[in-house]
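Here the protein sequences line up with chains A and B, keeping their order. Sequential numbering of the first sequence, starting at 1, is according to our numbering. Sequential numbering of the second sequence, starting at 275, is according to our numbering. Before any comments, here is the structure.
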Amino acid sequence: MNVQKYIESGKLELFLLGELTEREREEVIAMAKTHPEIQQELEVLEEAMFAFDNLTGKAPSPQVKDAIFTSLEGDFHREENSPQTEKRGGEAKVVKLSPWRPFAIAASLVALMAIATAVYYAGKFYEVDEKFSALLLDQQVMADNLNQVKMQFEEADSKLDRLVAGDFRRVEMSGEALPMQKDAKVDVFWDQSAQEVFVAVNNLNSLGDEYDYQLWAIGKDGPIGIGLVNAEEKLTWQQMQAVAEAGAFAITIEPKGGSESPTLDKLVVLGEIA
Amino acid sequence: MQEEEIIAGLRARDREATEYLYEKYSRALFAVISRIISDQTIAEEVFHDSFVKITRKIDQYDETKGRLYTWMANICRNAAIDKLRSKEISQTSKTNTIDDFVFGIESQSGTMEQVEGIGVRELVNQLNADQKFIIEYIYFKGYTHSEISEEFDIPLGTVKSRIRAALQVLKKNSERI
Numbered sequence: 001m002n003v004q005k006y007i008e009s010g011k012l013e014l015f016l017l018g019e020l021t022e023r024e025r026e027e028v029i030a031m032a033k034t035h036p037e038i039q040q041e042l043e044v045l046e047e048a049m050f051a052f053d054n055l056t057g058k059a060p061s062p063q064v065k066d067a068i069f070t071s072l073e074g075d076f077h078r079e080e081n082s083p084q085t086e087k088r089g090g091e092a093k094v095v096k097l098s099p100w101r102p103f104a105i106a107a108s109l110v111a112l113m114a115i116a117t118a119v120y121y122a123g124k125f126y127e128v129d130e131k132f133s134a135l136l137l138d139q140q141v142m143a144d145n146l147n148q149v150k151m152q153f154e155e156a157d158s159k160l161d162r163l164v165a166g167d168f169r170r171v172e173m174s175g176e177a178l179p180m181q182k183d184a185k186v187d188v189f190w191d192q193s194a195q196e197v198f199v200a201v202n203n204l205n206s207l208g209d210e211y212d213y214q215l216w217a218i219g220k221d222g223p224i225g226i227g228l229v230n231a232e233e234k235l236t237w238q239q240m241q242a243v244a245e246a247g248a249f250a251i252t253i254e255p256k257g258g259s260e261s262p263t264l265d266k267l268v269v270l271g272e273i274a
Numbered sequence: 275m276q277e278e279e280i281i282a283g284l285r286a287r288d289r290e291a292t293e294y295l296y297e298k299y300s301r302a303l304f305a306v307i308s309r310i311i312s313d314q315t316i317a318e319e320v321f322h323d324s325f326v327k328i329t330r331k332i333d334q335y336d337e338t339k340g341r342l343y344t345w346m347a348n349i350c351r352n353a354a355i356d357k358l359r360s361k362e363i364s365q366t367s368k369t370n371t372i373d374d375f376v377f378g379i380e381s382q383s384g385t386m387e388q389v390e391g392i393g394v395r396e397l398v399n400q401l402n403a404d405q406k407f408i409i410e411y412i413y414f415k416g417y418t419h420s421e422i423s424e425e426f427d428i429p430l431g432t433v434k435s436r437i438r439a440a441l442q443v444l445k446k447n448s449e450r451i
């Protein structure tokens, strides 16, 4: 190692400025020990830094000095009184026990650390356990949802199969010409050969608990009730009872559960088969 | 009092040694802080805390790892930089420049220094532009050498050699200070 080069590297200055890492500091200290030139350079540089600081500085105000020595007052007193008495009184008795003390202290420290660690990890464990339970619950809910969706899908799929396979005629029923609900609109899909009827609610007002919408197929023998229509299930297919013969479909409001024959003054929608 | 005596005295929590330490070093250590923190009140607060810390942590000072002044100056410098970067001061701090500082010193401290040795201005004037820049950022703005390198895009090696060159100028003049 070229000592002169080392001195000129700028490392000693950074050492004095406190900007070196611990490893680099160790290196400078070791170098200074083996090379007196480096030690001397360090001392001269420190002297220069001190001189520069001293020159550029003005003294802090006397109040600061007072405050500092007030802060330190307790430190000075403690030194003067307590340690001496402690030394004198304690010595004889402590000697016998002293070999045990470091072990006892070390052991209690280790125990304390172990306890702290255990408590810490127990806390962590419960935290994680709670999170895990929450996740399990979430997963269960999601599985249930998935099942439900699957069932709904299968139902829709089978409806779609029938729709694609069947020969459905669409009968639009509207409330436009009627006094009850001007904007009511419900479609009937009727496969006459398979005698299947579905309704799809486009718009129907909600009813109270005491009433139901009832679908009627009006044929040669007069109106036949073929099922209750759920006004809340909009734009999906609701299957009704089979009908082979009809000239028109209509929906009336009936008491809960439906009636034998329609209450005509509560006719909501009507659609004739073209 | 020799450095070893001061240290021994401090370790014994001796009031006299502490007083001596204060008389000998307070000016330089306060300079380290007030170069970085321009607000006098805050600088004195940092100085108070640093000096108390120095006397209380004297047992942690290791003579084999550097001399006393370096250790103390680093405590003060770090405390000042910490304070400077803390929120409470960053809004009010003005940008320190070496020229502001020199002007302030000259107007405050009168002519004593100039009689005893060379003046601050004369000393600063011995630095070339690069060295002045380095001294300004390291001493007055509390930058580390790697921060200077990063911020001004100067290679780390160049920063180091400029620090060295600047301190060589101070060293050359230190007998005259």
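All C-beta atoms, glycine included, are put in the ideal place defined by N, C-alpha and C. Quick caveat, the model's predicted, so the values are computed rather than measured.
query	result
Residues, ordered as in the chain, of the segment 54–74 of chain A that lie near chain B by beta-carbon distance below 7 angstroms	54, 55, 56, 57, 58, 59, 60, 61, 64, 65, 67, 68, 71 and 72
Cβ-based contacts, 8 angstroms cut-off: residues of the segment 36–55 of chain A near chain B	42, 43, 44, 45, 46, 47, 48, 49, 50, 51, 52, 53, 54 and 55
Neighbouring residues, chain A, relative to residue 352 (chain B) (Cβ below 9 angstroms)	18
Min CB distance residue 302 (chain B) to chain A below 8 angstroms	yes
Member of B:292, B:357 and B:423 whose CA lies at the smallest distance from the CA of residue 320 (chain B)	B:357
DSSP state of residue 287 (chain B) mapped onto helix, strand, coil	coil
Neighbourhood of residue 49 (chain A) by C-beta, 8 angstroms cutoff - its chain only, sequence neighbours within 5 removed	16
Beta-bridge partners of residue 174 (chain A), as assigned by DSSP	A:185 and A:270
Rounded separation between residue 259 (chain A) and residue 192 (chain A) - CA only	24 angstroms
Residue 191 (chain A) - partner residues in DSSP beta bridges	A:196
Neighbour flag for residue 306 (chain B) against chain A, beta carbons, 8 angstroms	yes
Exposure label - residue 324 (chain B); buried when at least 16 CB within 10 Å	buried
Positions along the segment 409–439 of chain B whose CB lies within less than 7 angstroms of some CB in chain A	412, 418, 419, 434, 435, 437 and 438
Same chain, Cβ closer than 8 angstroms to residue 235 (chain A), five either side skipped, listed in chain order	200, 201 and 202
Check whether residue 249 (chain A) and residue 218 (chain A) have beta carbons under 8 angstroms apart	yes
Cα-Cα separation, residue 211 (chain A) to residue 253 (chain A)	6 angstroms
Outcome for residue 53 (chain A) when other beta-carbon atoms lying within 10 angstroms are tallied against a minimum of 16	buried
Residue nearest to residue 11 (chain A) in terms of C-alpha spacing, selected from B:419, B:300 and B:403	B:419
CB contact check: residue 115 (chain A) to chain B, cutoff 8 angstroms	no
Beta bridge counterpart(s) of residue 234 (chain A) as assigned by DSSP	A:201
Minimum Cβ-Cβ distance from residue 13 (chain A) to chain B less than 8 angstroms	yes
Expected contact under 8 angstroms - CB spacing of residue 198 (chain A) and residue 238 (chain A) to nearest Å	6 angstroms
Nonlocal neighbours in the same chain, by C-beta distance under 7 angstroms from residue 295 (chain B), ignoring five residues either side	280 and 284
Any chain A beta carbon closer than 8 angstroms to residue 347 (chain B)	yes
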